[in-house]
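Everything below concerns the one structure shown next.
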Amino acid sequence: MKAGNEIDHLAAEAKRNGHAETLWLMLRNAYFRAGTPEDGWDAMVSCFAGMGIRAVSDWQRINGREVEYVLLTPKRQAE
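The sequence shown runs 6 to 84 under my numbering.
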């Protein structure tokens, strides 16, 4: 799996601004659709980790529905 421009853009935004966020479903459908959702999540976390970015889950309520977001922040040097 090769990361696309959106992955690079999100990593750069997280490094520049100290954080970035996106919908997990968008990343899953575009880049991390192989295997189970858990496999996709692990691949996404690993992909961002290789770029020095920490990815964590955050659930938000939008129009009465729970939607999963991915919050991205730069890794600290000690991590």
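Beta carbons: idealized from backbone N, C-alpha and C, even for Gly. Note that the structure is a prediction, hence the values are computed from the model and not measured.
The three-state reading of DSSP puts ALA39 in coil, since its state is none of H, G, I, E or B.
By the Cβ test, the stretch 10 to 25 is not in contact with the stretch 63 to 74, since fewer than three Cβ pairs between them sit closer than 8 Å. Distance between ILE67 and VAL61, taken at the CA atoms: about 19 Å. Comparing C-alpha distances from GLY55 to each of THR78, ARG33, ALA39, MET31 shows the shortest one belongs to THR78. Taking all protein chains shown into account, ALA39 has fewer than 16 neighbouring C-beta atoms within 10 Å of its C-beta and is therefore exposed.
When DSSP reads this structure, VAL72 sits in a beta bridge with GLN65.
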